[in-house]
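>
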Amino acid sequence: MNRWGIPDWLEREVRARDRECIYCRVPMFEMPAADGSRKSIATWEHIINDERIVTRENIARCCGSCNSSKGTKELSVWIESIYCKQRGIGKDTVADVVKQALKDGD
Ligand SMILES: [Zn+2]
3 MNRWGIPDWL EREVRARDRE CIYCRVPMFE MPAADGSRKS IATWEHIIND ERIVTRENIA
63 RCCGSCNSSK GTKELSVWIE SIYCKQRGIG KDTVADVVKQ ALKDGD
């Protein structure tokens, strides 16, 4: 288990799958940028904001920028936000794992 309560096998699987932000698709890094920016740092994300759902469908990696924008908003609400619109993030541009979560939420 890591400190977010994610088992090692799942952490490895998700790290291998999500090399780009699942929302805005920027390449992510494990460390802050040289200028100290945390925007492109890889963060752990619960797609559905429920920490009890620890599955490969709900645990993912997104960039610090998207993570702080999404916060505790529901995915279907956040995807319509100005932040997403400005970055061209939409139901058709997100990673498959997010598309699936949006479908399941309908
Ligand atoms: Zn992002």
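Residue numbers (this note's numbering): 3 to 108.
Where a beta carbon is used, it is the ideal one built from N, C-alpha and C, also for glycine.
Predicted model, so just to flag it, every value in this text is computed and none were measured.
#1: Is CYS68 close to ligand 1? I mean its beta-carbon at under 7 angstroms from any heavy atom of the ligand.
#2: What are the start and end residues of the beta strand (DSSP E) that includes ALA62?
#3: If you run the structure through DSSP and keep just helix, strand and coil, what is ALA97?
#4: Helix or strand or just coil, what does DSSP make of TRP46?
#5: Note down the Cα distance separating ILE49 from CYS26, rounded to an integer number of angstroms.
#6: Measuring from the CB of CYS86, is there a heavy atom of ligand 1 at a distance below 7 angstroms?
#7: Rounded to the nearest angstrom, what separates ALA36 and GLU22 at their Cα positions?
#8: Should GLY66 and SER42 be called a contact, given that it needs their Cβ atoms to be closer than 8 angstroms?
#9: Quick check on the DSSP output: the alpha helix (DSSP H) that includes TRP11 runs from which residue to which?
Short version:
#1: Working through the sequence shown from its first residue, we reach residue 68 at position 66. Yes, the Cβ of CYS68 comes within 7 angstroms of a heavy atom of ligand 1.
#2: One-based indexing of the sequence shown puts residue 62 at position 60. Start and end: 61-65.
#3: Numbered from 1 along the sequence shown, position 95 holds the residue referred to as residue 97. Correct three-state label for ALA97: coil.
#4: In the sequence shown, the residue the question calls residue 46 occupies position 44. In the structure shown, TRP46 sits in a strand (DSSP, three-state: E or B).
#5: By one-based count along the sequence shown, residue 49 stands at place 47. By one-based count along the sequence shown, residue 26 stands at place 24. Answer to the nearest angstrom: the Cα atoms are 14 angstroms apart.
#6: As a first step, residue 86 is located in the sequence shown; it is residue number 84 there, counting from the start. The answer is no for CYS86.
#7: Position 34 of the sequence shown, counted from the first residue, corresponds to residue 36. Position 20 of the sequence shown, counted from the first residue, corresponds to residue 22. In this structure, the straight-line span from the alpha carbon of ALA36 to that of GLU22 is close to 19 angstroms.
#8: If you number the sequence shown from 1, residue 66 lands on position 64. If you number the sequence shown from 1, residue 42 lands on position 40. Against a cut-off of 8 angstroms, the Cβ pair of SER42 and GLY66 comes out as a contact.
#9: For the purposes of this step, residue 11 is taken as residue 9 along the sequence shown, with counting starting at 1. Where TRP11 is concerned, the enclosing alpha helix (DSSP H) stretches over 10-19.
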